[in-house]
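The block underneath contains the structure these notes are about, expressed in structure tokens.
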Amino acid sequence: MVDKVPSSTSISNDPAAGCLLCSADLVYRDAQSVIPCALCGEELSTSAVCANGHFVCDRCHSLGALDLIQHYCSMSDCTDPATMALQLMRQPVLKMHGPEHHYLVPAVLITAWCNRHDDTEKSAKLKTARQRAEDVKGGFCGFHGTCGAAMGAGIACSIITSATPLSGDPWRLANLMTATCLAAIAEPGGPRCCKRDTFLALQTAIAFLNDQLDTGLPIPKLIRCGFTGSNRECIGRRCPYFPG
Ligand SMILES: [Zn+2]
Ligand SMILES: [Zn+2]
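Put into structure tokens, the structure is as follows:
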């Protein structure tokens with residue numbers, strides 16, 4: 000059982016800029032060329048790619064939050080859940096607070112797990128996670144006593160272990176995952192912050208998966224929150240990710 004959040008390394012969080020996938024600067028070429036969109040695969044003529052060669056089409060740039068999370072994770076080969084979560088959080092379509100974080104948590108955990116284990120069912124698992132996460136409404140933390148980020152981690156564990164209400168050990172693990180994340184999230188006290196609660200859920204969930212299922216996912220060591228100025232209810236030094 001994981002009973003506390005591991006201490007830290009280095010994930011910074013600069014404000015959004017540049018490439019939607021990797022934040023590298025966009026490079027505008029003189030000539031147009033036909034390049035597949037890194038998110039949807041459609042081949043289109045463009046003169047704008049990022050310094051790492053990514054092109055994201057206008058349609059993908061205007062996706063809603065859940066569609067963006069699902070597309071991004073489907074196409075990503077990353078095995079680091081925290082890196083993916085931060086990259087997605089930098090996109091303006093993901094608000095400071097909101098139920099999109101209930102899908103963000105299972106999406107990046109499932110993506111990292113599938114990429115690490117060459118799981119060919121990643122797209123199907125991401126779709127199932129989205130359907131389940133959409134049932135977890137905003138405000139559940141305060142009104143139902145169960146933060147949606149913790150439930151998102153439980154959803155990821157359920158899908159990874161193929162848990163059902165009739166399962167034995169997968170049922171135990173899925174519920175224990177939610178409980179462990181929820182305990183970590185509750186500890187600093189409110190008001191809620193969807194960024195803090197997502198970071199706490201991910202750090203706890205990664206340690207839990209590594210401990211219980213030997214998944215070998217990278218543990219984020221230091222997250223310094225870049226969203227403090229956008230959060231009217233930031234709890235400041237009571238938050239483990241407060242930068243100052
Ligand atoms: Zn890029
Ligand atoms: Zn596209």
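The numbers in numbering that gives the first Met the number 0 rise by one with no breaks, and the one at position 219 of the sequence shown is 218. From the three backbone atoms N, C-alpha and C, an ideal C-beta is built for every residue, glycine too.
Counting other Cβ atoms within 10 Å of its Cβ, Gln31 stays below 16 and is therefore classed as exposed. Boundaries for Leu43: no alpha helix (DSSP H) harbours it, while the beta strand (DSSP E) harbouring it runs Glu42 to Cys49, taken from the DSSP string. By the criterion of a C-beta distance shorter than 8 Å, Asn209 is surrounded in its chain by Gly215, Leu216 and Ile218, once the five residues flanking it on both sides are discounted. Cys224 is not a Cβ neighbour of Thr203, given a cutoff of 7 Å. In this structure, Leu38 has its beta carbon less than 6 Å from a heavy atom of ligand 2. Assignment of Ser73 by DSSP, reduced to helix, strand and coil, places it in the helix class. Counting only runs of 4+ residues, the alpha helix (DSSP H) found wholly inside the region 142–207 occupies 147–159 and 168–185, in chain order. In chain order, Val135, Lys136, Gly137 and Gly147 place their CB closer than 7 Å to the CB of Pro98, counting only its own chain and leaving out the 5 sequence neighbours on each side. Of the heavy atoms belonging to ligand 1, at least one sits nearer than 6 Å to the Cβ of His53. As DSSP reads the structure, Ser32 sits in a beta bridge with Thr45. Burial is judged here by how many other beta carbons sit within 10 angstroms of a residue's own beta carbon; Ala50 has fewer than 16 and is exposed. Beta-bridge partners assigned by DSSP to Tyr27: Ala47.
Residue nearest to Ser73 within the set Asp117, Ala47 and Val92 is Asp117 (criterion: CA-CA distance). A residue is called buried once 16 or more other Cβ atoms fall within 10 Å of its Cβ, and Lys94, having fewer, is exposed.
In the DSSP assignment, Ile234 falls outside any alpha helix (DSSP H), carrying neither H nor E. Per the C-alpha coordinates, the member of Pro239, Ser229, Phe207 and Ile159 positioned closest to Pro187 is Pro239. Here the distance from the Cβ of Cys59 to the nearest heavy atom of ligand 2 is below 6 Å. Across the structure, Asp76 and Val107 are spaced so that their CA atoms are roughly 11 Å apart.
Here the distance from the Cβ of Cys56 to the nearest heavy atom of ligand 2 is below 6 Å.
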